[in-house]
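There are 4 protein chains.
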Amino acid sequence: MVTVGIIGATGYAGVELLRILLRHPHVKYIYCSSVSFEGQNIDDVYPNLKGMLGDKCGRVLLSADEIKEKADILFTALPHGIAEQYADYCVKNGKKLIDLSADFRYGTDEATFTKWYKKTWDFPEVHQECVYGSPEMNRESIRSARIIGNPGCYVTSVTLGLLPALKNSLVDVNTIIADSKSGVTGAGRNPSMTNQFCECGESFSAYKVGNHRHQSEIERNLSILAGTKANVIFTPHLIPQNRGILSTIYAPLTQSAAGTIAAEAEKRGCTPDEVVRDIYRKTYENEPFVRVLDAGVNATTRVVRYSNFCDIQVYVVNGGKMLEVVSCLDNMIKGAAGQAVQNMNLMYGFGETEAIDFVPPAF
Amino acid sequence: MVTVGIIGATGYAGVELLRILLRHPHVKYIYCSSVSFEGQNIDDVYPNLKGMLGDKCGRVLLSADEIKEKADILFTALPHGIAEQYADYCVKNGKKLIDLSADFRYGTDEATFTKWYKKTWDFPEVHQECVYGSPEMNRESIRSARIIGNPGCYVTSVTLGLLPALKNSLVDVNTIIADSKSGVTGAGRNPSMTNQFCECGESFSAYKVGNHRHQSEIERNLSILAGTKANVIFTPHLIPQNRGILSTIYAPLTQSAAGTIAAEAEKRGCTPDEVVRDIYRKTYENEPFVRVLDAGVNATTRVVRYSNFCDIQVYVVNGGKMLEVVSCLDNMIKGAAGQAVQNMNLMYGFGETEAIDFVPPAF
Amino acid sequence: MVTVGIIGATGYAGVELLRILLRHPHVKYIYCSSVSFEGQNIDDVYPNLKGMLGDKCGRVLLSADEIKEKADILFTALPHGIAEQYADYCVKNGKKLIDLSADFRYGTDEATFTKWYKKTWDFPEVHQECVYGSPEMNRESIRSARIIGNPGCYVTSVTLGLLPALKNSLVDVNTIIADSKSGVTGAGRNPSMTNQFCECGESFSAYKVGNHRHQSEIERNLSILAGTKANVIFTPHLIPQNRGILSTIYAPLTQSAAGTIAAEAEKRGCTPDEVVRDIYRKTYENEPFVRVLDAGVNATTRVVRYSNFCDIQVYVVNGGKMLEVVSCLDNMIKGAAGQAVQNMNLMYGFGETEAIDFVPPAF
Amino acid sequence: MVTVGIIGATGYAGVELLRILLRHPHVKYIYCSSVSFEGQNIDDVYPNLKGMLGDKCGRVLLSADEIKEKADILFTALPHGIAEQYADYCVKNGKKLIDLSADFRYGTDEATFTKWYKKTWDFPEVHQECVYGSPEMNRESIRSARIIGNPGCYVTSVTLGLLPALKNSLVDVNTIIADSKSGVTGAGRNPSMTNQFCECGESFSAYKVGNHRHQSEIERNLSILAGTKANVIFTPHLIPQNRGILSTIYAPLTQSAAGTIAAEAEKRGCTPDEVVRDIYRKTYENEPFVRVLDAGVNATTRVVRYSNFCDIQVYVVNGGKMLEVVSCLDNMIKGAAGQAVQNMNLMYGFGETEAIDFVPPAF
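Chains as they are written, first to last, in UniProt numbering: chain A, 1 to 363; chain B, 1 to 363; chain C, 1 to 363; chain D, 1 to 363.
1) Please go through the same chain and pick out, in chain order, the residues whose beta-carbon is closer than 6 Å to the beta-carbon of W116(B), but skip the five residues on each side of it.
2) So for A206(D), helix, strand or coil by DSSP?
3) Looking at chain C, which residues of the segment 234 to 259 of chain D have a Cβ within less than 9 Å of any of its Cβ atoms?
4) Please decide whether I177(C) counts as near chain B, where near means a Cβ-Cβ distance under 8 Å.
5) So, are the CB atoms of F363(B) and Y306(B) less than 8 Å apart?
6) Could you tell me the alpha carbon to alpha carbon distance between T159(D) and A206(A), rounded to whole angstroms?
7) I'd like the span of the alpha helix (DSSP H) that includes C200(D), first residue to last.
8) Along the beta strand (DSSP E) that carries A262(A), what are the first and last residues, could you check?
9) Mark K95(C) as exposed unless 16 or more other C-beta atoms lie within 10 angstroms of its C-beta, in which case mark it buried.
10) Between which two residues does the alpha helix (DSSP H) harbouring residue 419(B) extend?
11) Do F234(B) and A187(B) have their C-beta atoms within less than 8 Å of each other?
12) Could I get the ranges of all uninterrupted alpha helix (DSSP H) runs contained in the UniProt domain "Semialdehyde dehydrogenase NAD-binding" (3 to 145) of chain B, with 4 residues as the minimum, in chain order?
13) Checking contacts by CB at 8 Å: is C200(D) closer than that to chain B?
14) Go through the segment 301 to 347 of chain D residue by residue and report every complete run of the beta strand (DSSP E) that reaches 3 residues or more, in order.
15) Run through the DSSP bridge pairs and tell me what L246(A) is partnered with.
16) Relative to the alpha-carbon of L238(D), which residue among S247(D), N231(D) and V232(D) has its alpha-carbon at the smallest distance?
17) Given a limit of 7 Å on CB to CB distance, which residues of the segment 182 to 199 of chain C reach chain A?
18) Flag A165(B) as yes if its beta-carbon sits less than 8 Å from any beta-carbon of chain C, otherwise no.
19) How about V304(C) and D330(C): do their beta carbons lie closer than 8 Å?
20) For K50(A), go through chain B and note every residue whose CB falls closer than 7 Å to its CB, in chain order.
21) Quick check: what's the CA-CA separation for E285(C) versus D294(D)?
22) Ends of the alpha helix (DSSP H) at L238(D)?
23) Going by the CB atoms, is the gap between L222(A) and V276(A) shorter than 8 Å?
24) Could you pull out every residue in the same chain whose Cβ sits closer than 7 Å to the Cβ of K334(A), ignoring the five residues on either side in sequence?
25) List the residues of chain G whose Cβ lies closer than 9 Å to the Cβ of V341(A), in chain order.
26) Just mark G149(B) as buried or exposed, buried being the case when its beta carbon has 16 or more other beta carbons within 10 Å.
27) Could you tell me the alpha carbon to alpha carbon distance between L323(B) and A299(B), rounded to whole angstroms?
28) Which residues bound the alpha helix (DSSP H) around I224(B)?
29) Please name the residue in M1(D), L18(D), E266(D) and M52(D) whose C-alpha comes closest to that of A336(D).
30) DSSP three-state call for V281(A): helix, strand or coil?
31) Count the other CB atoms, across all protein chains shown, that sit within 10 Å of the CB of residue 390(C); report buried if there are 16 or more and exposed otherwise.
32) So does L246(B) have its beta carbon nearer than 7 Å to some heavy atom of the ligand MG?
33) For the alpha helix (DSSP H) containing G149(D), name the first residue and the last one.
34) Measure from the alpha carbon of R220(B) to the alpha carbon of each residue in I6(B), Q313(B), A262(B) and Y132(B), then state which is nearest.
35) With burial defined as no fewer than 16 other Cβ atoms inside 10 Å of the residue's Cβ, what is the status of A71(D): buried or exposed?
36) Identify, in the order they occur along the chain, each residue of the same chain with its Cβ nearer than 6 Å to the Cβ of V325(C), setting aside the five sequence neighbours on each side.
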């Protein structure tokens with residue numbers, strides 16, 4: 001049983017973490033902090049929580065400093081640039097920390113972080129400790145990690161969409177296109193003109209074309225997986241719905257892979273899609289939260305909402321020369337809070353699916 | 001541990017039942033039937049279920065006749081007029097049944113059922129057995145019931161919205177107005193022009209004004225609670241959202257109640273709202289799934305989505321003469337599948353909140 | 001040909017006015033002002049306007065003081081409490097003004113205005129001039145008015161929903177219930193937590209129960225039409241859609257009216273609904289923007305979107321004792337900018353439907 | 001003044017055509033036909049039209065055969081494979097026809113049409129007459145055409161998004177990626193499970209990956225514009241909104257174009273985006289319905305809704321090697337009915353923007 005602290009519990013990711021942890025069988029108690037709402041009751045800020053805290057969660061929102069002492073593990077769900085101090089504290093005090101911002105997603109590569117986030121590191125040494133919290137990439141290192149950089153939401157959808165192709169050297173990573181679409185929760189809770197209902201409703205647009213920060217994190221992951229520098233053209237779009245990310249990914253098959261796939265398809269009398277699908281299935285066969293879809297089934301954000309699943313559909317297009325992957329997940333769960341709990345489960349040796357094995361609702 | 005059969009598992013209520021029961025700790029196994037999809041896999045019909053069935057649910061959709069023999073308890077989630085035969089079978093074979101249609105909502109009052117549903121009963125004697133499955137009205141009888149008529153979705157929101165007022169004789173039941181609004185899941189899964197996205201999207205309307213069948217069920221409940229014939233003006237509306245019912249209810253306070261409330265408010269130096277709120281709180285103090293909201297908090301469908309809660313806010317308006325109640329719930333859960341599982345829990349002596357104590361998500 | 005000034009052109013009502021006036025055949029030129037965006041181009045603030053200004057509208061947002069001198073008629077689309085000074089200026093300088101705030105909706109009844117809007121009048125004498133801009137109530141006075149108080153959006157739906165009943169003394173005005181629902185544009189453009197997409201999406205709630213300011217304006221109108229003090233229970237709700245207001249109105253028929261209606265229905269062999277519908281049709285037969293719907297047709301916000309129509313459906317319920325009216329309109333058009341242009345057309349003797357005779361789109 | 005017939009007036013495109021033509025100053029009278037609703041009143045099928053037909057449109061839905069004789073010009077808004085007979089009739093009887101299906105979009109290339117639409121032509125000779133109705137591609141031929149194949153909705157967004165790049169030989173057409181997203185009106189009015197509100201709401205997915213028919217039409221257009229065979233990877237997606245298409249298009253710059261653009265950007269001290277933007281602006285400078293957006297403005301479906309505009313934003317990404325274009329339009333207007341009227345205007349020498357110069361609403 002662990003005692004948990006959520007620093008930044010009133011943001012979208014923070015409150016989703018709380019919702020999940022309230023039903024976690026190995027969580028003894030949860031403390032929550034908030035800068036904006038310190039001293040208020042969390043179930044006044046979020047009336048959905050009314051009556052749900054029981055004796056498992058402190059009702060009053062504390063300061064971060066208060067809870068860092070009480071908890072065994074901290075979740076920091078804050079804007080980037082704030083978590084380092086808590087990570088340093090945890091390392092020095094034998095505690096663990098899972099950060100949901102970008103602060104610990106770049107390993108020890110401060111230069112890339114600084115380039116995209118316009119900030120240098122205050123505690124460079126603590127980054128030596130950190131592990132990138134993608135269970136599908138780093139399960140074993142996560143188990144023994146003390147500091148986790150929880151992956152970005154868009155990033156998770158693209159990384160998982162390409163991981164088997166990269167591990168099996170199917171694609172050329174020089175010109176990967178990731179055309180991603182996200183529901184509005186991705187923008188966080190702070191009121192803004194852009195996120196007003198009337199601006200988003202009945203509206204669809206691309207934004208930050210060519211300069212969204214997640215591009216650098218995607219490129220980092222794909223480069224690691226491919227063993228060579230990857231270039232990604234990443235275009236995020238805003239969908240008029242609350243939850244969900246869907247990435248449509250275009251990756252040129254290497255000439256050699258294209259040939260092998262075509263030959264295999266002919267031999268088996270199946271489509272090239274099926275050949276690649278089997279490779280994906282094989283790669284993910286032990287993954288509890290990745291579902292490679294059957295032929296004919298469209299990856300659909302509604303189908304993974306409120307679950308920790310990433311659903312993946314694969315196609316071979318352009319006369320056998322291009323791999324096209326459609327990958328979708330719930331940006332608040334597998335893209336944030338759910339994956340963070342998955343990481344916690346690994347770090348403590350709990351069942352990996354504890355508290356996040358939701359059956360997604362049909363509607 | 002019980003073995004469950006869901007007859008009509010591919011409708012909206014049926015698949016929501018399945019989702020809940022898959023995580024029920026006292027359910028051993030679930031069999032599902034479907035007329036439209038018999039022989040298919042349920043996780044092909046509903047891809048959200050892919051990988052979730054484990055060894056707890058049969059994948060292939062069977063016929064109703066097959067599963068009725070295998071199960072200890074049947075849930076019938078069918079159009080009205082079909083469940084009677086299964087209820088008769090259950091009574092004769094020592095099994096239990098919870099019906100989600102209107103068939104068992106009228107006690108032994110066949111006349112009213114027939115008037116509104118244009119159908120007489122085939123097995124009148126089985127209706128002697130049935131209990132109306134509102135735990136807040138009938139908890140004790142439900143515990144020992146064999147056949148349950150699970151309440152209608154709109155009906156539950158109105159009944160729970162008025163129950164404390166009626167039990168405490170606060171209102172005149174001669175002209176109750178229930179102005180109700182429902183998300184589109186309320187219309188069921190069958191494709192229709194009315195329920196097309198482009199017809200519902202960015203659209204709001206009243207429908208079946210003065211002749212929706214739920215009016216008769218509401219009137220029945222209110223009459224029972226009031227001990228006198230209630231008249232209800234019930235107007236359903238369609239909201240462009242998937243889930244949720246909100247009923248705004250207007251009930252004239254009796255002259256005596258109005259006087260008492262005003263006097264009490266003056267004595268306590270509080271609003272009349274607060275006086276009535278306290279009566280509601282007192283009435284519902286032991287109810288696990290009714291939340292009477294604090295002053296200043298709006299009842300909101302989003303806040304109860306994916307939970308078994310009914311949230312209630314009360315006001316005294318029109319110069320102290322009118323009680324206004326806003327009551328909301330998730331039509332698929334407290335309005336259908338969740339309440340059905342609550343009934344099952346009572347019938348078997350399980351914890352009443354088992355498998356339905358969801359923390360509602362903020363978004 | 002008139003030269004128009006829109007003070008507050010970047011709010012929702014202001015920009016909708018501009019959109020309409022850009023296609024008005026008798027408008028020569030339009031000047032726009034904005035406090036928040038002064039000095040910027042209006043088509044940068046609203047990119048939908050790009051390329052649409054032609055030589056009919058100044059591109060740069062000016063100050064209110066600049067445009068008040070240039071224009072023949074001013075539209076003030078501002079928060080309440082600001083328009084009086086411009087009205088005073090117009091009266092003194094032979095210009096006209098149509099105000100879209102509440103400032104001129106109360107005739108000379110400063111007390112009621114002050115009670116609800118917490119503000120006294122700075123230019124009481126200018127209120128002597130003002131006419132309430134409901135063409136269906138005051139067409140003739142509008143023609144010669146110099147200052148118009150344009151009606152509230154909710155108010156218009158309720159007033160038009162009851163006008164024929166009141167003119168024909170059908171209902172008792174002591175306990176009128178107006179259960180109204182509005183799209184989110186009704187809340188205006190200022191970013192707020194309440195109006196964020198994720199707060200409104202998939203959500204429905206009542207708000208400001210018992211204390212929304214429009215109640216006082218509704219009561220004023222109904223009292224004028226009935227010739228006696230009306231009491232209204234007004235409950236606004238928020239719908240997850242951009243545009244549209246629908247009010248479901250419950251008004252007890254007087255005993256005498258109930259009797260007459262029943263007798264007439266029996267004589268004609270029709271429903272009581274039909275009798276009342278004919279009264280409504282007769283009352284509105286010359287109104288260009290009110291449509292009394294046929295039996296069986298539901299009033300629907302989608303069907304009046306982007307039009308100046310108010311659609312009305314009538315029912316007699318509760319055994320012939322209660323009139324129920326469902327009334328809907330586009331809150332941005334008939335509920336604001338469209339009605340304002342209708343008023344301008346009357347004031348200048350233009351065709352009443354000029355520039356606002358939109359054919360509403362099906363979707 | 002022309003007399004118009006709409007064959008298939010109750011589909012989404014047909015009723016949108018009617019809405020536009022009702023306000024066309026050179027249209028004398030409109031006859032409408034419908035197979036599904038023949039004999040009914042069109043304003044009963046579409047209550048938004050109530051009171052709008054005036055003396056300009058026949059209320060009763062006729063048969064196609066009745067109206068083909070009465071009209072000078074026919075619009076056929078039907079499933080593919082039906083319009084040929086009417087085209088043949090028009091050619092033989094000195095009438096004109098604009099077809100909104102795919103039947104006349106392939107010039108005389110029956111093979112490609114047959115491959116994708118599984119149908120041969122019944123009247124091959126009439127295809128000699130037909131002109132592809134993209135004013136931006138074929139304005140002059142349209143003026144004198146008798147039979148027009150009106151372009152597909154997705155197709156228009158992609159074609160206009162790439163036309164300047166192709167005319168200026170900027171891109172390699174061997175691997176064009178068009179990642180397109182459409183609102184649900186694109187699916188037409190026939191009720192289907194896929195288009196039910198609860199299936200689409202809060203949902204986003206790709207569909208028909210690699211085998212949507214519009215791919216062939218896109219490839220045809222791009223090949224014509226490029227003067228060489230183009231290969232397109234086209235992926236359509238469904239957005240939970242009614243109207244709008246947005247295509248995100250990725251086209252590799254030729255090495256030569258990349259070099260020129262980079263050099264020019266350096267010379268001018270601007271971004272490569274700006275260089276390409278200027279080329280786009282130059283190409284479209286006389287186009288009334290294409291808007292090339294300023295730097296920093298996102299192409300957004302909401303901003304073109306209810307207008308005939310196609311908004312285009314351009315970027316140079318991937319280190320100067322890839323052109324990325326975001327192109328959006330209203331699928332019902334520029335993607336269907338509006339473009340059809342634009343074609344009619346050209347065919348009759350009316351002002352090209354007559355009746356379609358809508359100011360798009362902000363919301």
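Ideal Cβ positions, reconstructed from N, Cα and C, are used throughout, including at glycine.
None of these values were measured; they are calculated from a predicted model.
Looking at the atomic coordinates:
1) As a working mapping, residue 116(B) is identified with position 116 in the second sequence. Cβ within range, chain order: R213 and S216.
2) Here residue 206(D) refers to the residue found at position 206 of the fourth sequence. Residue state, collapsed to three classes: strand.
3) N242 and R243
4) Within the third sequence, the letter at position 177 stands for residue 177(C). True, the Cβ-Cβ gap to chain B drops below 8 Å.
5) Mapped onto the second sequence, residue 363(B) falls at position 363. Mapped onto the second sequence, residue 306(B) falls at position 306. No, Cβ-Cβ distance for F363(B) and Y306(B) is not below 8 Å.
6) As a first step, residue 159(D) is located in the fourth sequence; it is residue number 159 there, counting from the start. As a first step, residue 206(A) is located in the first sequence; it is residue number 206 there, counting from the start. Between T159(D) and A206(A), the C-alpha separation is close to 19 Å.
7) For the purposes of this step, residue 200(D) is taken as residue 200 along the fourth sequence, with counting starting at 1. F197 to C200 is the span of the alpha helix (DSSP H), which, as asked, contains C200(D).
8) Numbered from its first residue, the first sequence carries residue 262(A) at position 262. Note, A262(A): premise wrong, no beta strand (DSSP E); alpha helix (DSSP H) at Q255 to R268.
9) Working through the third sequence from its first residue, we reach residue 95(C) at position 95. That one is buried.
10) Past the edges of chain B, shown from 1 to 363, lies residue 419(B), and the structure says nothing about it.
11) Along the second sequence, read from residue 1 onward, the residue named residue 234(B) stands at position 234. Along the second sequence, read from residue 1 onward, the residue named residue 187(B) stands at position 187. Not a contact, by the Cβ cut-off of 8 Å.
12) 12 to 21, 42 to 45, 64 to 70, 84 to 92, 110 to 117 and 135 to 143
13) Taking the first residue of the fourth sequence as 1, we reach residue 200(D) at position 200. Chain B contact via Cβ: present.
14) 310 to 317 and 322 to 329
15) Within the first sequence, the letter at position 246 stands for residue 246(A). According to DSSP, which records beta bridges pairwise, L246(A) is partnered with K181(A) and C328(A).
16) Within the fourth sequence, numbered from 1, the residue matching residue 238(D) stands at position 238. Among S247(D), N231(D) and V232(D), the Cα nearest to that of L238(D) is on S247(D).
17) V184, T185, P191, S192, M193, N195, Q196, F197 and C198
18) The sequence position of residue 165(B) within the second sequence is 165, counting from 1. Taking Cβ atoms only, chain C never reaches closer than 8 Å to A165(B), which makes this a no.
19) As a position in the third sequence, residue 304(C) is number 304, starting the count at 1. As a position in the third sequence, residue 330(C) is number 330, starting the count at 1. Yes.
20) For the purposes of this step, residue 50(A) is taken as the residue at position 50 of the first sequence. In chain order: R291.
21) Against the third sequence, residue 285(C) aligns to sequence position 285. Against the fourth sequence, residue 294(D) aligns to sequence position 294. The straight-line gap from Cα to Cα measures roughly 49 Å.
22) Your numbering for residue 238(D) matches position 238 in the fourth sequence. It is not in any alpha helix (DSSP H) - L238(D) instead sits in the beta strand (DSSP E) that spans V232 to L238.
23) Here residue 276(A) refers to the residue found at position 276 when the first sequence is read from its first residue. Here residue 222(A) refers to the residue found at position 222 when the first sequence is read from its first residue. Not a contact, by the Cβ cut-off of 8 Å.
24) As a first step, residue 334(A) must be located in the first sequence, where it is residue number 334. Cβ within range, chain order: T156, F289, N308, F309 and C310.
25) Here the protein chains are A, B, C and D, and chain G is not one of them.
26) Locating residue 149(B) in the second sequence gives position 149, counting from the first residue. G149(B) comes out buried.
27) In the second sequence, counting from the first residue as 1, residue 323(B) sits at position 323. In the second sequence, counting from the first residue as 1, residue 299(B) sits at position 299. Distance between the alpha carbons of L323(B) and A299(B): 16 Å.
28) The count along the second sequence starts at 1 and reaches residue 224(B) at position 224. It spans H214 to A226 - the alpha helix (DSSP H) in which I224(B) sits, taken as one unbroken run.
29) As a working note, residue 336(D) is residue 336 in the fourth sequence. The shortest C-alpha separation from A336(D) is found at L18(D).
30) If you number the first sequence from 1, residue 281(A) lands on position 281. Here the sequence assigns Arg to residue 281(A), which means Val is not the residue at that position. It is helical.
31) With chain C covering only 1 through 363, there is no way to say anything about residue 390(C).
32) No copy of the ligand MG occurs in the structure displayed, which carries no ligand at all.
33) Position 149 of the fourth sequence, counted from the start, is the residue given in the question as residue 149(D). It is not in any alpha helix (DSSP H) - G149(D) instead sits in the beta strand (DSSP E) that spans I147 to G149.
34) The sequence position of residue 220(B) within the second sequence is 220, counting from 1. The shortest C-alpha separation from R220(B) is found at Y132(B).
35) For the purposes of this step, residue 71(D) is identified with residue 71 of the fourth sequence, where counting begins at 1. It is buried - the Cβ of A71(D) has at least 16 other Cβ atoms within 10 Å.
36) As a working mapping, residue 325(C) is identified with position 325 in the third sequence. Cβ neighbours of V325(C) beyond the five flanking positions: G161, I249 and V314.
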